[in-house]
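Numbering (my numbering), first residue to last: 13 to 291. First the structure, in the form of structure tokens, and then the observations on it.
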């Protein structure tokens with residue numbers, strides 16, 4: 013191939029980035045960086061409500077996912093058992109499932125005419141659905157935990173499986189109980205992986221769209237769904253652009269905070285070969 017041909021191949025990815033990435037970003041910035049449009053959006057009472065709900069549901073979803081998934085990460089990271097590989101692969105399935113499928117499954121399971129409610133009504137002879145979670149925050153949080161469970165299992169569990177147990181054993185020999193060993197030895201060593209998983213979960217839930225739109229309905233709005241409504245329902249492109257830029261800056265701030273936290277939380281660790289894992 014001639015030199016001109018190589019130059020053409022080199023320009024293809026650059027052209028793709030300019031057309032499909034740089035141009036849309038510049039268009040959004042052009043529409044949103046108008047002082048009048050920015051002030052108008054920020055001063056709306058609904059903006060503070062949307063921003064607050066976006067932040068707190070992402071934080072709570074992250075904490076609940078860690079609470080549910082860390083025991084599984086310990087199990088996958090420290091023990092060998094039959095079917096371990098298959099179970100780890102199975103835990104990843106929810107993460108790649110389409111939002112519509114998951115939302116439909118949750119509504120079929122926990123809706124007013126879902127399998128759980130029908131079973132409870134039949135069992136206790138109830139005239140109403142006792143666990144109707146449709147269009148509630150609880151159902152949104154459950155779906156987020158279901159989606160992001162695999163993130164903790166994969167990242168923290170994989171990191172945990174490679175940590176040497178010699179430091180923990182030395183602390184036990186010196187008289188530390190299991191809780192003290194976990195708090196002072198294991199947890200600091202795991203912190204880089206936990207911070208990484210938490211960051212990813214927060215970003216996934218902060219930018220959640222399908223789960224909020226389908227399971228939450230019009231009563232719950234995040235920045236992501238509000239951008240969609242402003243652009244598609246009200247054709248208010250300047251407001252949608254302002255919200256898009258605000259979301260971009262917040263996600264960038266989270267990434268910047270992660271860089272600082274990862275440097276401070278990283279500790280020297282000694283990894284072990286997989287054959288040394290406890291059986």
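Backbone N, C-alpha and C define an ideal beta-carbon position, used for all residues, glycine too.
The Cβ atoms of residue 213 and residue 82 do not sit closer than 9 Å to each other. In this structure, the straight-line span from the alpha carbon of residue 175 to that of residue 133 is close to 48 Å. Scanning its chain for C-beta atoms nearer than 8 Å, with the 5 sequence neighbours on each side dropped, one finds around residue 210 the residues 74, 78, in chain order.
Of the residues 142, 190, 88, the one whose Cα lies closest to the Cα of residue 125 is 142. Going by DSSP, residue 210 is part of the alpha helix (DSSP H) stretching over 199–218. Of the residues 169, 51, 108, the one whose Cα lies closest to the Cα of residue 203 is 169.
Between the segment 159–173 and the segment 84–104, the count of Cβ pairs shorter than 8 Å is three or higher; the stretches touch. Residue 48 counts as exposed, since fewer than 16 other C-beta atoms from the protein chains shown sit within 10 angstroms of its C-beta.
DSSP places residue 175 in the strand class (E or B) of the three-state scheme. One Cα belongs to residue 31, the other to residue 262, and the distance between them is close to 24 Å.
A distance below 9 Å separates the beta carbons of residue 180 and residue 198. When the Cα atoms are used, residue 56 and residue 24 turn out to be separated by approximately 43 Å. DSSP places residue 89 inside the alpha helix (DSSP H), whose first and last residues are 57–90.
For residue 101 and residue 90, the gap between their C-alpha atoms comes out near 17 Å. The residue among 219, 200, 50 with its C-alpha nearest the C-alpha of residue 172 is 200. Given a length threshold of 4 residues, each whole run of the alpha helix (DSSP H) inside the segment 93–158 is given here in chain order: 96–108, 111–122, 127–136.
By a beta-carbon distance limit of 8 Å, residue 76 does not contact residue 118. Their separation comes to about 15 Å.
Between residue 160 and residue 216, the gap from beta carbon to beta carbon is short of 9 Å.
One Cα belongs to residue 191, the other to residue 207, and the distance between them is close to 21 Å. Of the candidates 219, 122, 186, 120, the residue whose Cα lies closest to the Cα of residue 67 is 219. In the three-state reduction of the DSSP assignment, residue 242 falls in the helix class. The DSSP-derived three-state label of residue 251 is helix. In this structure, residue 238 and residue 62 form a Cβ contact; the two beta carbons are roughly 5 Å apart against a cut-off of 8 Å. Within the same chain, 152 come within 6 Å of residue 228 by CB-CB distance, once the 5 residues on both sides are set aside.
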